[in-house]
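Reviewing the structure listed below.
Protein chains: 2
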Amino acid sequence: MKKADHTECLSAMLPVRDALDVISGKWKLMILISISSGNHRFREIERSIPKINSKVLAKELKDLEEHTLIKRTVYDESPVIVEYITTPYAASLGKVIKELRDWGVNHRKKIIGK
Amino acid sequence: MKKADHTECLSAMLPVRDALDVISGKWKLMILISISSGNHRFREIERSIPKINSKVLAKELKDLEEHTLIKRTVYDESPVIVEYITTPYAASLGKVIKELRDWGVNHRKKIIGK
DNA sequence: GTAAGCAGTTACCTAAAGGTAAGCAGTAAC
DNA sequence: GTTACTGCTTACCTTTAGGTAACTGCTTAC
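Chains as they are written, first to last, in this note's numbering: chain A, 147 to 260; chain B, 147 to 260.
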């Protein structure tokens with residue numbers, strides 16, 4: 147039983163909270179995964195994620211762009227093409243996503259095993 | 147540019163979603179961090195987490211217990227003592243929390259640096 | 001000329017998460 | 001005997017996340 151160090155405890159909690167503020171919610175990581183798996187167009191992303199709708203997708207894409215996790219580029223050919231790509235900064239989330247995925251796989255096993 | 151593999155993409159997204167279902171939200175990880183930092187009593191945990199309130203804490207503790215991430219023990223001394231401890235299963239979240247924390251620290255630096 | 005695809009937007013609604021404030025039963029301290 | 005601590009619960013309210021459905025302007029395909 148460790149001694150409760152209030153300062154140390156806070157210094158662990160606050161960054162975790164910061165991270166969750168950016169990535170939690172039902173869709174953000176799924177969108178990042180979809181884009182980095184090769185889906186770059188709005189409708190492509192939409193179709194790749196079950197049950198998402200265009201309003202939510204549009205909003206989440208804006209959020210992700212504000213956090214500089216994705217980049218939106220408009221190619222002014224006719225017809226206009228809009229492309230979403232992940233930024234190098236998004237790659238820094240790779241480990242986070244990997245650990246979440248591994249844990250999720252294991253957790254599902256545990257629950258089904260019951 | 148990778149080719150979009152729908153199946154592979156889904157098999158990455160769904161476990162991540164499963165994991166987030168368990169740990170996302172404003173308080174769950176903070177509570178786990180608090181308990182594993184040595185806060186084991188209800189009021190102790192409450193005081194260690196800024197801005198949380200007892201209604202929310204009580205509810206989140208129940209959720210965490212249902213997911214077998216913490217264990218609640220009542221010691222029937224007088225006065226009754228209630229103790230919360232993390233389970234070995236919660237330890238499996240260690241890497242997830244570490245990566246979230248590291249990313250959060252870095253993200254904060256990046257934002258302040260702007 | 002009508003249908004269908006593109007990248008969204010708009011108005012409206014529901015459900016869930018979270019917050020506020022008060023209170024309760026028990027104990028113990030002053 | 002009043003105050004304060006424990007571990008909660010209750011009723012009520014607000015805020016936000018997310019969902020539905022329709023519709024826009026533009027383009028190309030049949």
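Each residue gets a CB set at the ideal place from its N, CA and C atoms; glycine is no exception.
Remember, predicted model here, so these are calculated numbers, not experimental data.
Cross-chain neighbours of residue i in chain B, by beta carbon under 7 angstroms
| i | result |
| --- | --- |
| A:K302 | Outside the displayed range of chain A (147 to 260) lies residue 302 of chain A, so it cannot be described from this structure. |
Contacting residues, own chain, Cβ-Cβ under 7 angstroms from residue i (five flanking each side not counted)
| i | result |
| --- | --- |
| A:M147 | Here A:M147 scores only 47 on pLDDT, less than 50, and its place in the model should not be relied on; the value that follows carries that caveat. The answer is none, since no qualifying residue turns up. |
| B:V202 | W173 |
| B:I198 | W173 and E192 |
| B:S180 | I191, S194 and I195 |
| B:S200 | E192 |
Contact set between residue i and chain A, taken where Cβ atoms lie within less than 7 angstroms
| i | result |
| --- | --- |
| B:R254 | P161 and D164 |
Under 9 angstroms by beta carbon: chain B residues contacting residue i
| i | result |
| --- | --- |
| A:D151 | S183 and G184 |
Cβ-based neighbour list, residue i, same chain, cut-off 6 angstroms, excluding 5 preceding and 5 following
| i | result |
| --- | --- |
| B:I169 | L175 |
| A:P161 | none |
| A:S182 | T232 |
| B:E185 | Note that residue 185 of chain B is Asn in the sequence shown here, rather than Glu. Counting only Cβ-Cβ distances below 6 angstroms, and skipping sequence neighbours, we find I191 and S194. |
| B:L210 | I216 |
Where residue i meets chain A, residues with beta-carbon distance less than 8 angstroms
| i | result |
| --- | --- |
| B:R343 | The first residue shown for chain B is 147 and the last is 260, placing residue 343 of chain B beyond what the model contains. |
| B:E223 | Going along chain A, no residue has its Cβ under 8 angstroms from B:E223, so there is no contact; the nearest lies around 18 angstroms. |
Chain-ordered chain A contacts of residue i [CB-CB under 9 angstroms]
| i | result |
| --- | --- |
| B:G250 | L160, P161, V162, R163, D164, A165, L166, D167 and V168 |
| B:E206 | None at all; the shortest Cβ gap to chain A is about 14 angstroms. |
| B:S194 | A150, H152, C155, L156 and M159 |
Rounded Cβ spacing between residue i and residue j (contact assumed at less than 8 angstroms)
| i | j | result |
| --- | --- | --- |
| A:L246 | B:A204 | With 8 angstroms as the limit, A:L246 and B:A204 do not qualify as a contact, their Cβ atoms being about 27 angstroms apart. |
| B:L207 | B:Y230 | 6 angstroms |
| A:L239 | A:L178 | 7 angstroms |
Neighbourhood of residue i by C-beta distance below 8 angstroms, restricted to the same chain and skipping five residues each side
| i | result |
| --- | --- |
| A:V242 | A165 and I169 |
| A:R187 | I227, V228, E229 and Y230 |
Residues of the stretch 225-245 of chain B with a CB closer than 7 angstroms to any CB of chain A: list them in chain order, please. S238, L239, K241, V242, I243 and E245
Beta carbons nearer than 7 angstroms to chain A: which residues of the stretch 164-186 of chain B have them? D164, A165, L166, V168, S170, L175, M176, I179, S180, S183, G184 and N185
Count the C-beta pairs between the stretch 235-242 of chain A and the stretch 210-217 of chain A that are closer than 8 angstroms, then say yes if the count reaches three, no if not. yes
Would you call the stretch 250-258 of chain A and the stretch 219-230 of chain A in contact, with 3 or more CB pairs under 8 angstroms? no
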